[in-house]
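Protein chains: 2
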Amino acid sequence: MQNAPTVKLPLECGDCPIRHNAVCARCNNEELISLDKIKYYRSFQAGQTIIWSGDEMDFVASVVSGIATLSQTMEDGRTQMVGLMLPSDFVGRPGRSIAPYDVVAVNDMLMCCFRRKPFEELMIKTPHVGQRLLEMTLDELDAAREWMLVLGRKTAREKIASLLMILGRRNAALNMTVAKSSMEFDLPLTREAMADYLGLTLETVSRQISALKRDGVIELQGKRHVSVPDFNRLIDESGDDADGGLLT
Amino acid sequence: MQNAPTVKLPLECGDCPIRHNAVCARCNNEELISLDKIKYYRSFQAGQTIIWSGDEMDFVASVVSGIATLSQTMEDGRTQMVGLMLPSDFVGRPGRSIAPYDVVAVNDMLMCCFRRKPFEELMIKTPHVGQRLLEMTLDELDAAREWMLVLGRKTAREKIASLLMILGRRNAALNMTVAKSSMEFDLPLTREAMADYLGLTLETVSRQISALKRDGVIELQGKRHVSVPDFNRLIDESGDDADGGLLT
DNA sequence: TCACACCCTTGATCTAGGTCAATGCCAATT
DNA sequence: AATTGGCATTGACCTAGATCAAGGGTGTGA
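Residue numbers (this note's numbering), protein chains in the order written: chain A, 61 to 308; chain B, 61 to 308.
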């Protein structure tokens, strides 16, 4: 646990995130084999709802490829996205059978699933899996709390900049490249999905993106491809501390 | 793990939350003894900052009595509370030495502390502690995500009602009483702290509390004692689903 | 090639909540 | 009993972002 990396790792040995090298280094073969026995793969189409809030959920899973969103919706239709699930993220929760939010595939996805009961038994038998899950959960908690600052206190422009920073960083991490001063990436989300993530309306999202473009902070190729000539400029706009987060 | 309660337990056997009955039932004596060897107690005064964001943190701890807040502050002073720590909550994180937020004592507090390194070693030796910590972290993650909906999508009035619901419920839980249709409790927070929790200004908090009083949803004795004649009315005002949360 | 469905942008207007400022309350101190 | 200081309330006004509305690309299927 001491030297475990706190950033999300891309896939390493095989295609299942549970086997990330942070765990593998400590796992013996028996554990890997027992994991293999209870897992299976499922794919989902873009736009498909993977799990409905309130539904019985008999599996836990990790994202192999594609992007999903977690969101909560009030009776009157207001919705708030509470998480973005990217490859290597873990969906579901041992010890609870009812899903607390909707999980929706943004693009085509492949998930590595484990039936919940055997997975729970496995966690008791092989503590390393639980330890890795604890690390990941703590990271998600930190991310959720950082997002609370975004939602509660930032202006619309800062919110957009914060989202672009996250998307840029995660894109860089997925490509195993270092985040550098200039970068470009695709926006996986519609303006409406961004609005739901940021607690804004889609019109405000659109206006602020236009404003950032007008001010030269970003450039757009089409509507869904962004390039950031100077990443530090974006950081300034986001209102974050320069050091870029609370890792380690 | 299967039957572990998902609500936070009040203190049970002794005064350290790590020994909550959910864990105790599965622990053998050896584990309890080894915990005792590395723990110590610290008290803090009301208003005292327990941990500064960015500081080195060589211990983890759990709240024995009193209330603390977790908060993040931007350079220009805007602050957002990201958590309320009540008795039995766990502060700090194994595997990370730098504190990501300020922890401030709201009233006089007693904390049960563990030096971080020995605690991490203990977690490896005795998986039950890690499993309990995972449960607690997952609960906190759910709470953080529910709060994201509050921050991102609720109106000021709904935000206040949501906060009062949480305070009322936690108060009922601490007193080991069942949440019933009418209840009363003290507000532990100033109007400003409530504003920081809710992403509002203190004036708006004050106005909305006055409005809820005017409309008969709550009554005030002094400025810090609330009684709620009909808890369901408060739930309606909060915009939440009637069933009252996502537990189990 | 037309038409329909999506997604996105932009403008005009409205409003919830922020900002600024005055005042009130009460407990502690002198 | 006067003073000080920390909270809290209330009013008047302002503004960021919501709401309402119109139109513009682009892709897909008939």
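Every residue gets a Cβ at the ideal spot worked out from N, C-alpha and C, and that includes glycine.
Taking the beta carbon of residue i as the centre, do at least 16 other beta carbons fall within 10 Å, making it buried, or is it exposed?
i, result
"I158/A", "exposed"
"N89/A", "Any reading at N89/A must be qualified, since the residue scores a pLDDT of 46, below 50, and its modelled position is unreliable; the value itself is stated next. It is exposed - the Cβ of N89/A has fewer than 16 other Cβ atoms within 10 Å."
"A106/B", "exposed"
"V238/A", "exposed"
"Y161/A", "buried"
"Y101/B", "exposed"
"F291/B", "buried"
"R274/A", "exposed"
"D149/B", "buried"
"Q281/A", "exposed"
"V67/B", "Low per-residue confidence applies at V67/B: pLDDT is 30, beneath 50, and the placement is therefore not dependable enough to give any value."
"K214/B", "buried"
"K3/A", "The shown model of chain A, from 61 to 308, leaves out residue 3/A, and the question about it has no answer."
"G276/B", "exposed"
"C236/A", "Correcting the residue type first, residue 236/A is Met in the shown sequence and not Cys. Exposed, since its Cβ has fewer than 16 Cβ neighbours within 10 Å."
"G190/B", "buried"
"P77/B", "Residue placement at P77/B is flagged as unreliable, the pLDDT there being 44, under the threshold of 50; a coordinate-derived value is accordingly withheld."
"E195/A", "buried"
"V83/B", "Confidence in V83/B is poor, its pLDDT being 39 and thus under 50, which makes the residue's placement too unreliable to answer from."
"D115/B", "exposed"
With C-beta atoms as the reference, is residue i less than 8 Å away from residue j?
i, j, result
"P147/B", "L223/B", "no"
"V166/B", "L130/B", "no"
"L201/A", "S103/A", "no"
"I295/A", "M225/A", "yes"
"T197/B", "T186/A", "no"
"L262/A", "A271/A", "no"
"D118/A", "E135/B", "no"
"A216/A", "T250/A", "no"
"A204/B", "S298/B", "no"
"F179/A", "I110/A", "no"
"D168/A", "G228/A", "no"
Looking at the strands, I want to know which residues DSSP matches up with residue i.
i, result
"L116/A", "According to the sequence shown, residue 116/A is Glu rather than Leu. DSSP output for E116/A lists I158/A as bridge partner(s)."
"K99/B", "F174/B"
"V286/A", "F245/A, L280/A"
"T109/A", "V164/A"
"F104/A", "M169/A"
Any heavy atom of the ligand PLP inside 7 Å of the beta-carbon of residue i?
i, result
"Y257/A", "Here there are no bound small molecules, and the ligand PLP is not part of this structure."
Three or more beta-carbon pairs under 8 Å between the stretch 268–285 of chain B and the stretch 244–254 of chain B, yes or no? When Cβ pairs closer than 8 Å are counted between the two stretches, the stretch 268–285 of chain B is seen to touch the stretch 244–254 of chain B, the count reaching three or more.
At 4 residues or longer, and completely inside the stretch 121–201 of chain B: list those alpha helix (DSSP H) runs for me, N to C. Correct list: 176–185.
Between the stretch 208–227 of chain A and the stretch 128–144 of chain B, are three or more C-beta pairs nearer than 8 Å? Yes, the stretch 208–227 of chain A is in contact with the stretch 128–144 of chain B.
Inter-stretch contact (C-beta, 8 Å, three-pair minimum) for the stretch 175–192 of chain B and the stretch 121–137 of chain B: Contact between the stretch 175–192 of chain B and the stretch 121–137 of chain B is absent: fewer than 3 CB-CB pairs across the two stretches fall below 8 Å.
Which parts of the stretch 236–279 of chain A are runs of the alpha helix (DSSP H), unbroken and 4 residues or longer, counting only runs that do not cross its ends? For the stretch 236–279 of chain A, whole alpha helix (DSSP H) runs of length 4 or above, ordered along the chain, are 251–258, 262–274.
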